[in-house]
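These notes concern the structure reproduced below.
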Amino acid sequence: MGLDSVEILMKVEDTFGIKIPNREAEQILTVGDFHNVVWKRLQGKPNSKCLSQGLFYKLRRAFVEKFNITPHELHPELSPENIFPKAGRREAYLNFAETTNLKLPALVLTQGWETFLIAFGLTVIAGALGASLILINYFDFTKWTLLFPVAGIALTILLSNLLNPLRIRIQDPTVRAFTERTLVLNYSKTAGNTDLNRQEMEMIINHIIADMSGLELEEISAEKKIGDDLGID
Numbered sequence: 031m032g033l034d035s036v037e038i039l040m041k042v043e044d045t046f047g048i049k050i051p052n053r054e055a056e057q058i059l060t061v062g063d064f065h066n067v068v069w070k071r072l073q074g075k076p077n078s079k080c081l082s083q084g085l086f087y088k089l090r091r092a093f094v095e096k097f098n099i100t101p102h103e104l105h106p107e108l109s110p111e112n113i114f115p116k117a118g119r120r121e122a123y124l125n126f127a128e129t130t131n132l133k134l135p136a137l138v139l140t141q142g143w144e145t146f147l148i149a150f151g152l153t154v155i156a157g158a159l160g161a162s163l164i165l166i167n168y169f170d171f172t173k174w175t176l177l178f179p180v181a182g183i184a185l186t187i188l189l190s191n192l193l194n195p196l197r198i199r200i201q202d203p204t205v206r207a208f209t210e211r212t213l214v215l216n217y218s219k220t221a222g223n224t225d226l227n228r229q230e231m232e233m234i235i236n237h238i239i240a241d242m243s244g245l246e247l248e249e250i251s252a253e254k255k256i257g258d259d260l261g262i263d
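Going by our numbering, the sequence shown opens with residue 31, and the numbers climb by one from there.
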């Protein structure tokens, strides 16, 4: 397994509180193999209790108590953008996480600010690299000028941190997706000493693979080869 695969494996082990022996890890070629190995380590005990359903009802109660919404209005396909208020959203979101004692999916920049940050980063880093190459090739500057792009990366990170107050967009399109991602972030706390069913286990693993590899969740399926199909080293 490559470095990226090992990091995903370690994250899965930490999430489920298990240890996968090297000889078994080396046999993991597809996402389905990953599912099977983890299920085996969890002893494969079927459980009728649906953790995601329980978490959904917990979130729904909290939404009803905190925001101006009725249980009838709150259904799995509703957008979280329609639940959290636009005014003071970041503060309300963080307060909601504290009240429910849950780690919630990170808020992201709105499309306009996200585009601006990406354009800024590309411009600064590419410009610094170009300037470094010109100074080295035409003005005999030392190769230390190649640190200019590093400074550009640091500046982009600084700007990203300064833009944190503007991260108010909820990236999950539905309450169902929001609940699934929240379950992944809080699995050990939510599960307690109970077993989860296989469907939820697969969902959690798929989320971890998608989040850590930068892929879309829809791209992760049991038959996909982790290296050849998903491009994960």
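Glycine included, each C-beta is placed from N, C-alpha and C at the ideal position. Please read all numbers here as calculations on a predicted model, not as lab measurements.
query, result
"According to DSSP, what are the bridge partners of residue 138?", "199"
"So, helix, strand or coil for residue 60, using DSSP?", "strand"
"Can you have a look at residue 243 and say buried or exposed, based on whether 16 or more other CB atoms are within 10 angstroms of its CB?", "buried"
"Taking C-alpha atoms, which residue in 237, 238, 205 lies nearest to residue 85?", "205"
"Between which two residues does the alpha helix (DSSP H) harbouring residue 179 extend?", "177 to 192"
"Helix, strand or coil for residue 116 per DSSP?", "coil"
"Determine whether the beta carbon atoms of residue 159 and residue 179 lie at a separation below 7 Å.", "yes"
"By the three-class DSSP mapping on this structure, what secondary structure does residue 255 have?", "strand"
"Just to confirm my understanding: we take residue 110, look at its own chain, exclude 5 residues before and 5 after, and list those with CB closer than 7 Å. What are they?", "200, 202, 205, 208"
"Quick one: what does DSSP say residue 34 is sitting in, helix, strand or coil?", "helix"
"Closer than 8 Å by C-beta to residue 43: which residues in its own chain qualify, once you throw out the five before and the five after it? Chain order, please.", "49, 50"
"Could you tell me if residue 102 is buried or exposed, where buried requires 16 or more neighbouring beta carbons within 10 angstroms of its beta carbon?", "exposed"
"Excluding the 5 residues flanking residue 126 on each side, which residues of the same chain have their C-beta closer than 8 Å to its C-beta?", "92, 96, 114, 134"
"Given residue 41, which residues of its chain have a CB within under 8 Å of its CB, disregarding the five upstream and five downstream residues?", "238, 242"
"Assuming residue 139 contacts residue 215 (C-beta within less than 8 Å), just tell me the rounded distance between them.", "With 8 Å as the limit, residue 139 and residue 215 do not qualify as a contact, their Cβ atoms being about 20 Å apart."
"Consult DSSP for residue 45 and reduce its assignment to one of helix, strand or coil.", "helix"
"In angstroms with no decimal places, state the Cα-to-Cα distance between residue 260 and residue 131.", "34 Å"
"Please name the residue in 176, 34, 196 whose C-alpha comes closest to that of residue 142.", "196"
"Using a Cβ-Cβ cut-off of 6 Å (strictly less than) and excluding sequence neighbours within five positions of residue 128, which residues of its own chain qualify?", "none"
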